[in-house]
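Residue numbers (the numbering used here): 11 to 479.
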């Protein structure tokens, strides 16, 4: 068996891992967008590192674009096998991929209108028609705790899905491979969630013995703040906005983080009695994803239904929350005075409506920017988080005078302690490959694993590395 790490290898985007068995079966784990430096990301996304038609099947861990965003290109280039994911992930992936295709079509149309005479027209990576073709190849694989079991991919390969607790539908894939009369078990965490996080269940422990684990290590170098600290930050910003009649701009991932924020605000306003301000969700995609959350209530955790009456309450809606769906509604938010909060995508501030809110708010010291998720290297979000000023938005320069806060406890990724606890719970483990993490986080976590789990061999492969097992 060989594993080739084609992405999310010593970085956190472009998740793609190819397993090739002794018998020639090829299984792809995730197929995500590269993000970061625009030119490098564009090159990596357009240069596929494998022959698409040679892949027998794909397993999608979850529907964040850095894990699923290149599936339509894989299909466009000749992959015709099944794509397995949980039912919730299939629904979310359709919304995410259609939105990504729409953005690409709009961007290329705009760029082609402004081409010089000697320039060739630009094509989108894929279109909404390509997404429709891709969705026809999806097949559901239910969680073990909801009755799912082994699914055969070939005579020698089968898998099952455990709840990863990261976002709606996220899964840990456990894969059994028979070679030369022996059986090896490999597990892939995708992105691993946190214990006691809002809405979703805690990550499920793997019941099988596992020989090889591919684990994310996004926060392998730190421990998250307690949830109470995030509530304190949000409450202080709300009180400040009321006092100064100002705005709080919250860049948030349309999938996962937005819904956690809505849930948190619902608790703060309606259960704990915090002061209220109008909250606007300015992301059509986030609005669609929120409806998908409501459809898949069967994967919510028990605590959600202790906090909210399932017969009366909608955990992801509260009085004072409004949706800005049209462009005109979004523009009106920039004309309104405070106090108010705007939650808008994209979470790393690289695209989307949030850029318009930032350019209209970032230069005023009364306003605030609340960062709620991981900010990858070379993104606008990372520069703002690191205190860089001025910054460029839509090719114009803006001084960062707004207050900038980060709510670390809202992360959907397991922290160092949670990662270590999860890995330590995996029985029979001999080889650990760390993926989906920057070099510093991986080095710190590798040292910790070596000190605390000495029998386990740890490696942090680079993009393009192959390992024979």
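A virtual CB, placed ideally from N, CA and C, is assigned to each residue, including glycine.
Task: Rounded C-alpha distance that separates residue 148 from residue 95 - done: Stepping through the chain shown from its first residue, residue 148 is reached at position 138. Stepping through the chain shown from its first residue, residue 95 is reached at position 85. So the two alpha carbons sit approximately 7 Å from each other.
Practice task
Give the straight-line distance between the Cα atoms of residue 76 and residue 342, rounded to the nearest whole angstrom.
Solution key: By 1-based counting over the chain shown, the position of residue 76 is 66. By 1-based counting over the chain shown, the position of residue 342 is 332. Cα to Cα, the separation comes out at about 31 Å.
*Taking only the alpha-carbon atoms, compute the straight-line gap between residue 189 and residue 33 and give it to the nearest angstrom.*
The residue you call residue 189 lines up with position 179 of the chain shown. The residue you call residue 33 lines up with position 23 of the chain shown. In a straight line, the C-alpha of residue 189 is about 8 Å away from that of residue 33.
Just tell me which of 397, 262, 177, 221 has its CA closest to the CA of residue 212. By 1-based counting over the chain shown, the position of residue 212 is 202. Closest option to residue 212, Cα to Cα, is 177.
Item to check | Rounded separation between residue 483 and residue 192 - CA only | outcome: Examination of residue 483 is not possible in this model, given that the chain is present from 11 through 479 alone.
Per-residue DSSP class, three states only, for residue 443:
In the chain shown, the residue the question calls residue 443 occupies position 433. It is a strand residue.
Please classify residue 270 as buried or exposed, where buried requires at least 16 other C-beta atoms within 10 Å of its C-beta. In the chain shown, residue 270 corresponds to position 260, counting from 1. Its Cβ being crowded by 16 or more others within 10 Å, residue 270 is buried.
ask   = Is residue 449 near residue 20, with beta carbons less than 7 Å apart?
value = Within the chain shown, the letter at position 439 stands for residue 449. Within the chain shown, the letter at position 10 stands for residue 20. Going by C-beta atoms, residue 449 is nearer than 7 Å to residue 20.
Which runs of the beta strand (DSSP E) at least 3 residues long sit entirely within the region 169-255? Give them in chain order. 181-189, 192-198, 222-226
**Prompt:** DSSP beta-bridge partners for residue 148?
**Reply:** Sequence index remark: in the chain shown, residue 148 carries index 138 (1-based). BP columns for residue 148 point to 93.
Tell me which residues share the same chain as residue 420 and place their Cβ nearer than 8 Å to its Cβ, disregarding the 5 neighbours each side in the sequence. The sequence position of residue 420 within the chain shown is 410, counting from 1. Closer than 8 Å at the Cβ level, and outside the excluded window around residue 420, lie 240, 267, 270, 271, 274, 382, 383.
Using DSSP with H/G/I as helix, E/B as strand and the rest coil, what is residue 396?
As a working mapping, residue 396 is identified with position 386 in the chain shown. Coil.
Cα separation between residue 375 and residue 404?
-> As a position in the chain shown, residue 375 is number 365, starting the count at 1. As a position in the chain shown, residue 404 is number 394, starting the count at 1. If you take the alpha carbons of residue 375 and residue 404, they lie about 21 Å apart.
Over what stretch of residues does the beta strand (DSSP E) that includes residue 414 continue unbroken?
The residue you call residue 414 lines up with position 404 of the chain shown. Unbroken beta strand (DSSP E) run through residue 414: 413-416.
ask   = For residue 280, which option in 318, 303, 476 has the closest C-alpha, if you only look at C-alpha atoms?
value = The count along the chain shown starts at 1 and reaches residue 280 at position 270. Of the candidates 318, 303, 476, the one whose C-alpha sits nearest the C-alpha of residue 280 is 318.
Note to self: Between the alpha carbons of residue 181 and residue 445, how many angstroms are there, rounded?
What the structure shows: Counted from its first residue, the chain shown places residue 181 at position 171. Counted from its first residue, the chain shown places residue 445 at position 435. If I take the Cα positions, the gap works out to 16 Å.
Extent of the continuous alpha helix (DSSP H) run through residue 339: Indexing the chain shown from 1 puts residue 339 at position 329. Run containing residue 339: 337-345, per the alpha helix (DSSP H) assignment.
Under the three-state DSSP convention, the category residue 264 falls into: Within the chain shown, numbered from 1, the residue matching residue 264 stands at position 254. Three-state DSSP puts residue 264 in coil, outside helix and strand.
So, are the CB atoms of residue 311 and residue 210 less than 7 Å apart?
Walking along the chain shown from the start, residue 311 turns up at place 301. Walking along the chain shown from the start, residue 210 turns up at place 200. Result yes, Cβ atoms of residue 311 and residue 210 sit closer than 7 Å.
May I ask you to list the residues that DSSP assigns as paired with residue 17? Here residue 17 corresponds to residue number 7 of the chain shown, with the count starting at 1. Paired residues: 26.
Check: Just the Cα atoms here: how many angstroms apart are residue 491 and residue 365?
Finding: An answer regarding residue 491 cannot be provided, because it is not within the stretch 11 to 479 covered by the chain.
Subject >> Extent of the continuous beta strand (DSSP E) to which residue 452 belongs >> reply: Taking the first residue of the chain shown as 1, we reach residue 452 at position 442. It is not in any beta strand (DSSP E) - residue 452 instead sits in the alpha helix (DSSP H) that spans 449-462.
Restricting to runs no shorter than 4 residues, where is the alpha helix (DSSP H) found entirely within the region 48-117?
48-56, 75-78, 81-86
Exercise. CA-CA distance, residue 297 and residue 263?
Worked result: The residue given as residue 297 occupies position 287 in the chain shown. The residue given as residue 263 occupies position 253 in the chain shown. If you take the alpha carbons of residue 297 and residue 263, they lie about 12 Å apart.
Check your understanding: Which residue comes first and which comes last in the beta strand (DSSP E) that contains residue 353?
Key -> Within the chain shown, the letter at position 343 stands for residue 353. Where residue 353 is concerned, the enclosing beta strand (DSSP E) stretches over 350-354.
Under the three-state DSSP convention, the category residue 402 falls into:
Taking the chain shown and counting its residues from 1, the one referred to as residue 402 is at position 392. Here residue 402 sits in strand by DSSP.
task: Express the C-alpha separation of residue 126 and residue 3 in angstroms, rounding to a whole number.
output: For the chain, the structure presents residues 11 to 479; residue 3 sits outside this window and is missing.
Report task. Use the C-beta contact count for residue 464: other C-beta atoms within 10 angstroms, 16 or more gives buried, fewer gives exposed. Result -> Locating residue 464 in the chain shown gives position 454, where the first residue counts as 1. Exposed, by the Cβ-count rule.
Beta-carbon separation (whole angstroms), residue 221 vs residue 441, contact threshold 8 Å:
Within the chain shown, numbered from 1, the residue matching residue 221 stands at position 211. Within the chain shown, numbered from 1, the residue matching residue 441 stands at position 431. Contact holds; Cβ gap of about 7 Å.
Checklist entry - Which one of 356, 461, 315 has the shortest CA to CA distance from residue 110? => result For the purposes of this step, residue 110 is identified with residue 100 of the chain shown, where counting begins at 1. Ranking the options by Cα distance to residue 110, first place goes to 356.
Local conformation of residue 289 per DSSP, three classes: Mapped onto the chain shown, residue 289 falls at position 279. Strand, per DSSP.
### Task
Quick one: residues in its chain with C-beta nearer than 8 Å to the C-beta of residue 227, no 5 flanking neighbours on either side, listed in chain order?
Locating residue 227 in the chain shown gives position 217, counting from the first residue. Answer for residue 227: 429, 444, 445, 446, 447, 451, 452, 455, 470, listed in chain order.
task = Tell me whether residue 432 sits in a helix, a strand or coil according to DSSP, three-state version.
result = Here residue 432 refers to the residue found at position 422 when the chain shown is read from its first residue. In the structure shown, residue 432 sits in a helix (DSSP, three-state: H, G or I).
### Task
Could you tell me which of 359, 196, 347, 413 sits nearest to residue 243, measuring between CA atoms?
On the chain shown, position 233 is the one that residue 243 refers to. When only C-alpha atoms are compared, the closest one is 413.
| said: So the candidates are 237, 63, 401; which of them puts its Cα closest to the Cα of residue 277? | reply: As a first step, residue 277 must be located in the chain shown, where it is residue number 267. When only C-alpha atoms are compared, the closest one is 237.
Beta-carbon proximity check, residue 112 vs residue 200, cutoff 7 Å:
For the purposes of this step, residue 112 is identified with residue 102 of the chain shown, where counting begins at 1. For the purposes of this step, residue 200 is identified with residue 190 of the chain shown, where counting begins at 1. The answer is no: Cβ separation not under 7 Å.
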